[in-house]
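Novice: My structure is below; once you've seen it, I'll send some questions.
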Amino acid sequence: MKIAVCIKRVPDTETRIKIAADGRSIDESGVKFVLNPYDEYAVEEALRRKEAAGSGEVVVIALGPDAAQETIRTALAMGADRGVLLQADARVLDPSVIARALVAELRDGGYDLVLFGKLAIDDYHHAVGPMVAELLRLPCVSAAARLELGDGKATAEREVEGGVEVVEFPLPAVLTADKGLNEPRYPALKGIMAAKKKPLEVKPVTLEAGGLEVLELALPPERKPGRILGEGPGAVPALIRALRTEAKVL
Amino acid sequence: MAGVLVILEQRDGVLKKVSYEVVTAARSLADRLGTGVDAIAIGPMALDATGATRFGADEVVILADDHARLYQPHLYVRAVLERAKTKDYGIVLLSATALGKDLGPRLAARLGCPLAADVTDVGADDGIVVSRPVYAGKAVCRLKVVAPRCVISIRPNSVTPVEQSRTATLQHAVLGLDSEGPVARTASMKAPAEAKLDVAEASIVVSGGRGLKEPANFKLLEDLAQALGPAAVGASRAVVDAGWRVHGDQVGQTGKTVSPSLYFAIGISGAIQHLAGMRTAKVIVAINKDKDAPIFKVADYGIVGDLFEIVPRLTEEIKKVRAGA
Ligand SMILES: Cc1cc2nc3c(=O)[nH]c(=O)nc-3n(C[C@H](O)[C@H](O)[C@H](O)COP(=O)(O)OP(=O)(O)OC[C@H]3O[C@@H](n4cnc5c(N)ncnc54)[C@H](O)[C@@H]3O)c2cc1C
Ligand SMILES: Nc1ncnc2c1ncn2[C@@H]1O[C@H](COP(=O)(O)O)[C@@H](O)[C@H]1O
């Protein structure tokens, strides 16, 4: 089982966003970066599939700045075999540019499975996985919360509004991981030590400009200061009145 | 000027409300660009797409086949690519639902154009400009489309459907079922034990957190939602992780992002990751016994106190209002 996992370095969910002086990006000073939470599910799934198959290789691929080596080391510490950093400093906000850069790396890799997170919690595209799949003409299930692998045939489940879709597909395939797929392991000390010696190849890439240009990054409009209407059930009539006459939502 | 193509979404042969949202957005864009709006609806033979004709499309094409009762990505991709061969579309618009989040990127990849995903605003002003929440809604990015073509998905509930005087023509066409190469097929859909409204689609959401104390107490919120109806019951991650509620109900950075017109946060502290998922709600109501809970900083209206006393009273009062008192 040869599996690729595309992983991204993103600001931790606790981060309070500050806008940089250019008005188009975040101020990264003091920001802690982590492996994108959904990519943890993808890495975990890859490790389990390789373990179940008894042999194979798990390759993690990240596109990003030099500091993303750290993110790759995290995945190596979880148990991935080797890493590739597609090194680019530019931040491009067109997911198709990211997809094409990853495709160039993945195309001739001979992978049985290419895994992604369903979503990167910084850019929120929910896009790179299915884009890569279409460009490689591979079957794809996005936001999978369950995966069963049979002989060359696989079944995945994905949650949609009002139910769960059961999807059947042949391998090789692309899958993007949702929460619920598994419980990711924490890297053990032994893994962290071993990760330092695992191969990590750095390949500089030049990204296309993309078809979307950032005009502005801003904090969301502040919500108008709200009101505490009172304490206990006695405040309920005031709430009803506010919702009906002021907010007009009832 | 290249036209706007809208992809409609159905469930059980009936168009979803998000379809009307997207047609409405498409019309106002097309008017500013001086172009037309075509829509395609894919679904089972019994698909009724007449509703879409009233929201400003010029032409609605129905591609029906019982194989398309469920979402089949390759059929949708094929249908749109075929369509795009016959006519020049500058914008392909769809809703950022589970279907749209899967289909939008596929189409962008195949059309060789950018994707502006999950936008909350789209306008035309010296080019197409969209706003999209990033960092889980902690920031908003304004982007200009600098490509001749773009796929745009619109977050559910961010556009109010508006009926138009214009009525679209309704046409039927054949849905090609062949596919090139290996594909993923949706074999079946497991429906939950009882049909329920999804938090991401509901215009009223009643969410509960650890303050509910135990899973059975969510009955209080179910009752409130029922009185408000149609409303969905959501949850904080703390209660989802505890197994009280299913993951699909989770609101927040690693759950769903919701933009309802009315959001209740009940027994929820208001952690940054929770706020990320609901801060774009039009009106937020918080009920919490801790007057210093961070949720009160974003709430429009708050009541401090014991939810076990407040919620039943609220449900009673809402019932009275709804009964036309
Ligand atoms: C990577 C990551 C991702 C995360 N993603 C999400 C996410 O998507 N969504 C999310 O919600 N969280 C998320 N979290 C978790 C988040 O940090 C909080 O832990 C969580 O939101 C807390 O849930 P809660 O408000 O239900 O519980 P608590 O913080 O324990 O709050 C319970 C509240 O109930 C009130 N209360 C108690 N009893 C009563 C009563 N009788 N009447 C009235 N009020 C009462 C208390 O005053 C308190 O404010 C994430 C965390 C991490 C690290
Ligand atoms: N820069 C990147 N490097 C590697 N993988 C990425 C990158 N950006 C996105 N991905 C992958 O694509 C998934 C979805 O990202 P997005 O479409 O941006 O929400 C992520 O969870 C990653 O698996």
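So the protein lines, in turn, are chains Z and E. In terms of this note's numbering, the first sequence opens at residue 1 and continues consecutively. In terms of this note's numbering, the second sequence opens at residue 1 and continues consecutively. The C-beta atom is built at its ideal place from N, Cα and C for all residues, glycine as well. Computed from a predicted model, the values in this text were never measured in an experiment.
Given 7 Å as the limit, tell me if Phe33 of chain Z has its C-beta closer than that to any heavy atom belonging to ligand 2.
Specialist: Here the question's residue 33 of chain Z lines up with position 33 in the first sequence. Taking 7 Å as the cut-off, one finds no heavy atom of ligand 2 near enough to the beta carbon of Phe33 of chain Z.
Novice: For Arg146 of chain Z, report the span of its beta strand (DSSP E) as first-last.
Specialist: Stepping through the first sequence from its first residue, residue 146 of chain Z is reached at position 146. From DSSP, the beta strand (DSSP E) with Arg146 of chain Z extends over 140-149.
Novice: Would a C-beta distance cut-off of 8 Å place Val164 of chain Z and Thr186 of chain E closer than the cut-off?
Specialist: The residue you call residue 164 of chain Z lines up with position 164 of the first sequence. The residue you call residue 186 of chain E lines up with position 186 of the second sequence. No.
Novice: Could you name the residues of the same chain whose beta carbon sits closer than 8 Å to that of Pro95 of chain Z, not counting the 5 residues immediately before and after it, in chain order?
Specialist: Residue 95 of chain Z sits at position 95 when you count from the first residue of the first sequence. Within the same chain, Pro95 of chain Z has close Cβ partners Asp123, His125, Ala127, Val128, Met131.
Novice: Mind checking whether the beta-carbon of Cys140 of chain Z lies closer than 7 Å to any heavy atom of ligand 2?
Specialist: As a first step, residue 140 of chain Z is located in the first sequence; it is residue number 140 there, counting from the start. Cys140 of chain Z: no, Cβ never under 7 Å from ligand 2.
Novice: Could you list which residues in chain Z have their beta carbon closer than 8 Å to that of Gly243 of chain E, in chain order?
Specialist: Working through the second sequence from its first residue, we reach residue 243 of chain E at position 243. Correct list: empty, because the minimum Cβ distance to chain Z is about 12 Å.
Novice: Chain Z beta carbons: is any one of them nearer than 8 Å to that of Tyr76 of chain E?
Specialist: Here residue 76 of chain E refers to the residue found at position 76 of the second sequence. Answer no: the Cβ-Cβ gap between Tyr76 of chain E and chain Z never drops below 8 Å.
Novice: Assuming Val92 of chain E and Ala39 of chain E are in contact, meaning their beta carbons sit under 8 Å apart, how far apart are those beta carbons, in whole angstroms?
Specialist: Locating residue 92 of chain E in the second sequence gives position 92, counting from the first residue. Locating residue 39 of chain E in the second sequence gives position 39, counting from the first residue. Not quite, the Cβ-Cβ distance comes to about 11 Å (not below 8 Å), so this is no contact.
Novice: May I ask you to list the residues that DSSP assigns as paired with Gly64 of chain Z?
Specialist: Walking along the first sequence from the start, residue 64 of chain Z turns up at place 64. Answer is Z:Gln87, bridged to Gly64 of chain Z.
Novice: At a cut-off of 7 Å, is Asn182 of chain Z close to ligand 2 when judged by its beta-carbon and the heavy atoms of the ligand?
Specialist: The residue labelled residue 182 of chain Z in the question sits at position 182 within the first sequence. Not under cutoff, so the answer is no.
Novice: Please state the DSSP three-state secondary structure of Val103 of chain Z.
Specialist: Sequence index remark: in the first sequence, residue 103 of chain Z carries index 103 (1-based). Three-state DSSP puts Val103 of chain Z in a helix.
Novice: Thinking just about the alpha-carbon of each residue, which of Z:Gly79, Z:Glu57, Z:Met1, Z:Thr13 is nearest to the one in Leu189 of chain Z?
Specialist: Residue numbering aside, residue 189 of chain Z sits at position 189 when the first sequence is read from its first letter. Minimum Cα distance to Leu189 of chain Z is reached at Z:Gly79.
Novice: Tell me the DSSP bridge mates of Pro170 of chain Z?
Specialist: For the purposes of this step, residue 170 of chain Z is taken as residue 170 along the first sequence, with counting starting at 1. BP columns for Pro170 of chain Z point to Z:Lys153.
Novice: Ile268 of chain E by DSSP, collapsed to three states: which one?
Specialist: One-based indexing of the second sequence puts residue 268 of chain E at position 268. Residue state, collapsed to three classes: coil.
Novice: What are the boundary residues of the alpha helix (DSSP H) that Ala84 of chain E is part of?
Specialist: Locating residue 84 of chain E in the second sequence gives position 84, counting from the first residue. Per DSSP, Ala84 of chain E belongs to the alpha helix (DSSP H) from 73-86.
Novice: Along chain Z, in chain order, which residues have C-beta atoms closer than 8 Å to that of Val137 of chain E?
Specialist: Numbered from 1 along the second sequence, position 137 holds the residue referred to as residue 137 of chain E. In the sequence as displayed, the identity of residue 137 of chain E is Gly instead of Val. Neighbours of Gly137 of chain E on chain Z, chain order: Pro220.
Novice: In whole angstroms, what separates the C-alpha of Pro233 of chain Z from that of Gln226 of chain E?
Specialist: Within the first sequence, the letter at position 233 stands for residue 233 of chain Z. Within the second sequence, the letter at position 226 stands for residue 226 of chain E. For Pro233 of chain Z and Gln226 of chain E, the distance between alpha carbons rounds to 19 Å.
Novice: Distance, Cα to Cα, Leu207 of chain Z vs Leu106 of chain Z?
Specialist: By one-based count along the first sequence, residue 207 of chain Z stands at place 207. By one-based count along the first sequence, residue 106 of chain Z stands at place 106. Approximately 16 Å, taken between the alpha carbons.
Novice: Does DSSP put Asp118 of chain E in a helix, a strand or coil?
Specialist: Position 118 of the second sequence holds residue 118 of chain E. In the structure shown, Asp118 of chain E sits in a strand (DSSP, three-state: E or B).
Novice: Give the straight-line distance between the Cα atoms of Met193 of chain Z and Gly270 of chain E, rounded to the nearest whole angstrom.
Specialist: Position 193 of the first sequence, counted from the start, is the residue given in the question as residue 193 of chain Z. Position 270 of the second sequence, counted from the start, is the residue given in the question as residue 270 of chain E. So the alpha carbons of these two residues sit roughly 38 Å apart.
Novice: Give the DSSP-derived three-state secondary structure of Ile7 of chain Z in the structure shown.
Specialist: Within the first sequence, residue 7 of chain Z is the residue found at index 7, counting from 1. Looking at Ile7 of chain Z - three-state DSSP - the assignment turns out to be coil, as it is neither helix nor strand.
Novice: Any chance the CB of Leu221 of chain E is under 7 Å from a heavy atom of ligand 1?
Specialist: Taking the second sequence and counting its residues from 1, the one referred to as residue 221 of chain E is at position 221. Because no heavy atom of ligand 1 lies under 7 Å away, the Cβ of Leu221 of chain E does not count as near it: no.
Novice: Name, please, each residue of chain Z whose Cβ falls closer than 7 Å to the Cβ of Asp102 of chain E.
Specialist: Numbered from its first residue, the second sequence carries residue 102 of chain E at position 102. Under the 7 Å cutoff, chain Z gives Pro130, Ser142.
Novice: At a cut-off of 7 Å, would you count Asn217 of chain E as near ligand 1, judging by its Cβ distance to the nearest heavy atom?
Specialist: For the purposes of this step, residue 217 of chain E is taken as the residue at position 217 of the second sequence. No, the beta carbon of Asn217 of chain E sits no closer than 7 Å to any heavy atom of ligand 1.
Novice: Please decide whether Leu200 of chain Z counts as near chain E, where near means a Cβ-Cβ distance under 8 Å.
Specialist: On the first sequence, residue 200 of chain Z is found 200 positions in, with the first residue counted as 1. Closer than 8 Å: no.
Novice: Three-state secondary structure (DSSP) at Lys320 of chain E?
Specialist: What you label residue 320 of chain E is simply residue 320 of the second sequence in a count that begins at 1. Lys320 of chain E falls in the helix class under three-state DSSP.
Novice: Between Ser207 of chain E and Ile266 of chain E, which are expected to be in contact by the criterion C-beta below 8 Å, what is the C-beta distance as a whole number of angstroms?
Specialist: One-based indexing of the second sequence puts residue 207 of chain E at position 207. One-based indexing of the second sequence puts residue 266 of chain E at position 266. At roughly 7 Å, the Cβ-Cβ gap stays under 8 Å, so Ser207 of chain E and Ile266 of chain E are in contact.
Novice: With hydrogens ignored, establish whether the beta-carbon of Cys141 of chain E is closer than 7 Å to any heavy atom of ligand 2.
Specialist: Stepping through the second sequence from its first residue, residue 141 of chain E is reached at position 141. Outside the cutoff, so no.
Novice: Which residues of the stretch 87-99 of chain Z have a Cβ closer than 7 Å to any Cβ of chain E? Give them in chain order.
Specialist: Those residues of the stretch 87-99 of chain Z that come within reach of chain E (Cβ to Cβ, closer than 7 Å) are Leu93, Asp94, Pro95, Ser96, Ala99.
Novice: Would you kindly work out how many angstroms separate the C-alpha atoms of Arg244 of chain Z and Leu250 of chain Z, rounded to a whole number?
Specialist: The sequence position of residue 244 of chain Z within the first sequence is 244, counting from 1. The sequence position of residue 250 of chain Z within the first sequence is 250, counting from 1. If you take the alpha carbons of Arg244 of chain Z and Leu250 of chain Z, they lie about 5 Å apart.
Novice: How should Gln171 of chain E be labelled, buried or exposed, when 16 other C-beta atoms within 10 angstroms of its C-beta is the threshold for buried?
Specialist: By 1-based counting over the second sequence, the position of residue 171 of chain E is 171. Gln171 of chain E comes out exposed.
Novice: Look at the Cβ atom of Tyr38 of chain Z, then the Cβ atom of Gly117 of chain Z, and state whether they are nearer than 8 Å.
Specialist: Position 38 of the first sequence holds residue 38 of chain Z. Position 117 of the first sequence holds residue 117 of chain Z. In contact: Tyr38 of chain Z and Gly117 of chain Z (Cβ atoms closer than 8 Å).
Novice: Just the chain Z side, please: which residues come within less than 8 Å of Arg83 of chain E by C-beta, in chain order?
Specialist: The sequence position of residue 83 of chain E within the second sequence is 83, counting from 1. Within 8 Å Cβ-Cβ: nothing; Arg83 of chain E doesn't reach chain Z, min ~17 Å.
Novice: Am I right that Pro73 of chain E and Arg106 of chain E are in contact with their C-beta atoms under 8 Å? What's the rounded C-beta distance?
Specialist: For this step, residue 73 of chain E is matched to residue 73 along the second sequence. For this step, residue 106 of chain E is matched to residue 106 along the second sequence. About 6 Å separates the two Cβ atoms, so the contact holds.
Novice: Any chance you could list the residues with Cβ under 5 Å from a heavy atom of ligand 3, keeping chain order?
Specialist: This structure lacks ligand 3; its bound ligands are ligand 1 and ligand 2.
Novice: If I measure Cβ to Cβ from Ala184 of chain E and keep anything under 7 Å in the same chain, skipping five residues before and after, which residues do I get?
Specialist: Here residue 184 of chain E refers to the residue found at position 184 of the second sequence. The residues are Pro73.
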